[in-house]
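A.B. asks:
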Amino acid sequence: MAKANTTNASPTLLGEVVVIYDPLTDGPELLSKMASTLTVMGRNLVPLKVRELSIIGGTGAFHRARGYGLKQTYSIATATLNAIEHYNVTVIHY
């Protein structure tokens with residue numbers, strides 16, 4: 001993904017866009033349930049213990065979803081950037 005040369009030097013990371021493609025599961029097991037998707041958008045300030053993100057859409061069972069999610073990071077491996085995270089979501093879908 002393209003970004004401005006100045007983004008990494010910016011103290012606010014203004015303009016940075018990050019795409020994360022993680023499976024939505026019903027628990028910590030990777031294959032526990034993967035059928036539908038949620039589209040989440042917002043400012044993910046990792047140093048904060050709990051972050052609030054907007055749910056702006058989805059697919060499958062979550063078609064036209066709206067709502068919000070509270071995100072917590074339990075652990076992160078800085079060498080690989082792999083993390084275990086918990087989302088508590090409130091979703092309205094039709």
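22 is the number that UniProt numbering gives to position 22 of the sequence shown; each next residue is one higher, with no gaps. Virtual Cβ for every residue (Gly too), placed ideally from N, Cα, C.
(1) Taking A61 as the reference, give the member of M41, L14, P28, I92 with the closest Cα.
(2) Rounding to the nearest angstrom, what Cα-Cα distance links T6 and V18 in this structure?
(3) Using the Cα positions of N88 and L70, report the straight-line distance between them to the nearest angstrom.
(4) Can you list, in chain order, the residues of its chain whose CB lies under 6 angstroms from that of M41, leaving out five sequence neighbours each side?
(5) Enumerate in chain order the residues of its own chain whose CB-to-CB distance from K33 is below 7 angstroms, with the five nearest sequence positions on each side excluded.
(6) Could you say which of S10, G15, P23, A65 lies nearest to H86 if we only look at CA atoms?
(7) So G58 and T37 are supposed to be a Cβ contact under 8 angstroms. How far apart are they, rounded?
(8) Pull up the CB-CB distance for Y94 and I84, whole angstroms please, since I reckon it's below 8 angstroms.
(9) Kindly identify the DSSP beta-bridge partner or partners of T59.
(10) What does DSSP give as the partner residue(s) for S54 in the beta ladder?
C.D. replies: Let's see:
(1) Closest option to A61, Cα to Cα, is I92.
(2) 16 angstroms
(3) 5 angstroms
(4) S54, I56
(5) The residues T25, D26, in chain order, have a CB closer than 7 angstroms to that of K33 in the same chain once the five nearest residues on each side in sequence are set aside.
(6) P23
(7) 5 angstroms
(8) Going by Cβ atoms, the distance from Y94 to I84 rounds to 32 angstroms, so no, they are not a contact pair.
(9) T37
(10) M41, Y68
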